[in-house]
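Peer 1: Residue numbers (our numbering): 2 to 291. Yeah, the Cβ is synthetic: ideal placement off N, Cα and C, and Gly gets one too. Pasting a structure here, questions to come.
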């Protein structure tokens, strides 16, 4: 109770000097950007991991003739290979639908048969699979997606690094805004600060008053900015999970995909940035007093 009563007093008049919405509004805007950057970094990392673990092990086999006997023979050979975890023939209707953006209506076109296989290990060499298949099924062509997956993973890692750079820049700008607000508060309450300092108040006490006030303002703005970012993040998460057909289930899954621990850490981190910046700014200002 004594500690609560001590903090409830405002001998420096900081509630009046630092009462505007400018600082919380600016911090809210930066927190929104920080939330987007954090979610982007984690999303890029998840995509890179998914591509490397999943798509890297996916291989397709094209057969020049879509004959049932040739398809069955190829499936028998592939399923007998130790490197292959799964092999299945692609439905011709699905193949036609995938080719529709490039070929339009594929009716009457001689389409090859396509077999989708998944390797047991993404590091397995698809060339060996193709050589063994070609010995039994002449004309079979194996296409691996490893090169494209590597490029996509490199792109995802670049986006992740860019997101962290943006996060660092946002933190730096937030610290600069808090420093400007602190100097404005010192200028507004200069007489009170000098009187209190002249009466023997320690620098830690005065700096702590400013730091607590500005830290709370920064945390409040960060909370508002993080809450404002949630709908946009949920929308992006829903677009990243198009495999859920039911709209209501997709919305629930999108909210569940958000990086809640990282988002919950934004307001406390904003408080720490505001607190530390105000402490450093006030202590440096007090050292210049006679």
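Compare the C-alpha of residue 157 against each of 87, 76, 141, 45 and name the closest.
Peer 2: Minimum Cα distance to residue 157 is reached at 45.
Peer 1: Report yes if the CB atom of residue 222 is closer than 9 Å to the CB atom of residue 93, and no otherwise.
Peer 2: Result no, Cβ atoms of residue 222 and residue 93 do not sit closer than 9 Å.
Peer 1: Roughly how many whole angstroms lie between the Cα atoms of residue 42 and residue 72?
Peer 2: Answer to the nearest angstrom: the Cα atoms are 43 Å apart.
Peer 1: What residues are listed by DSSP as bridge partners for residue 87?
Peer 2: DSSP, once it has assigned bridges, lists 119 as partnering residue 87.
Peer 1: Start and end of the alpha helix (DSSP H) containing residue 192?
Peer 2: Where residue 192 is concerned, the enclosing alpha helix (DSSP H) stretches over 191-199.
Peer 1: Can you tell me whether DSSP reads residue 144 as helix, strand or coil?
Peer 2: If DSSP states are grouped into helix, strand and coil, residue 144 belongs with the strands.
Peer 1: Need the endpoints of the alpha helix (DSSP H) that residue 68 sits in, please.
Peer 2: It is not in any alpha helix (DSSP H) - residue 68 carries neither H nor E in the DSSP assignment.
Peer 1: If you run the structure through DSSP and keep just helix, strand and coil, what is residue 114?
Peer 2: Residue state, collapsed to three classes: strand.
Peer 1: Looking at the secondary structure, which residues open and close the alpha helix (DSSP H) in which residue 261 lies?
Peer 2: 261-265 is the extent of the alpha helix (DSSP H) around residue 261.
Peer 1: Helix, strand or coil: how does DSSP classify residue 98 here?
Peer 2: If DSSP states are grouped into helix, strand and coil, residue 98 belongs with the helices.
Peer 1: For my contact list, residue 35 and residue 168 are in at a C-beta cut-off of 8 Å; report their separation, rounded to the angstrom.
Peer 2: 6 Å between Cβ atoms; contact.
Peer 1: Roughly how many angstroms separate the alpha carbons of residue 173 and residue 275, rounded to a whole number?
Peer 2: Cα to Cα, residue 173 sits roughly 11 Å from residue 275.
Peer 1: When you compare each of 232, 60, 98, 224 to residue 28 by their alpha carbons, which one comes out closest?
Peer 2: Cα-wise, what sits closest to residue 28 is 224.
Peer 1: Taking only the alpha-carbon atoms, compute the straight-line gap between residue 269 and residue 220 and give it to the nearest angstrom.
Peer 2: Their backbone Cα atoms lie some 6 Å apart in a straight line.
Peer 1: Which residue wins for smallest C-alpha separation from residue 160, given the options 32, 286, 38?
Peer 2: Checking every option, the nearest Cα to that of residue 160 belongs to 38.
Peer 1: Determine the direct distance from the alpha carbon of residue 228 to that of residue 245, and round the result to whole angstroms.
Peer 2: In this predicted model, residue 245 has a pLDDT of only 46, less than 50, meaning its place in the structure is not dependable enough to derive any value.
Peer 1: Do residue 60 and residue 138 count as a contact pair if the criterion is CB distance below 9 Å?
Peer 2: Cβ atoms of residue 138 and residue 60: not closer than 9 Å.
Peer 1: How close, in whole Å, do the beta carbons of residue 162 and residue 116 come, if the pair is a contact with beta carbons under 8 Å?
Peer 2: Actually they are not in contact, since the Cβ atoms of residue 162 and residue 116 sit about 38 Å apart, beyond 8 Å.
Peer 1: Quick one: Cα of residue 263 to Cα of residue 290, how far?
Peer 2: C-alpha separation (whole angstroms): 41 Å.
Peer 1: With a Cβ-Cβ cutoff of 9 Å, do residue 64 and residue 136 count as a contact?
Peer 2: No. Outside cutoff.
Peer 1: Can you find the residues in the same chain that come closer than 7 Å, C-beta to C-beta, to residue 74, ignoring five residues on each side of it along the sequence?
Peer 2: Excluding residues within five positions, the ones whose Cβ falls inside 7 Å are 137, 138.
Peer 1: Helix, strand or coil: which one does DSSP assign to residue 171?
Peer 2: Three-state DSSP puts residue 171 in a helix.
Peer 1: Are residue 258 and residue 238 close, meaning C-beta to C-beta below 9 Å?
Peer 2: Cβ distance < 9 Å, so residue 258 and residue 238 count as in contact.
Peer 1: In the structure shown, what three-state DSSP assignment does residue 138 receive?
Peer 2: Coil at residue 138, not helix or strand.
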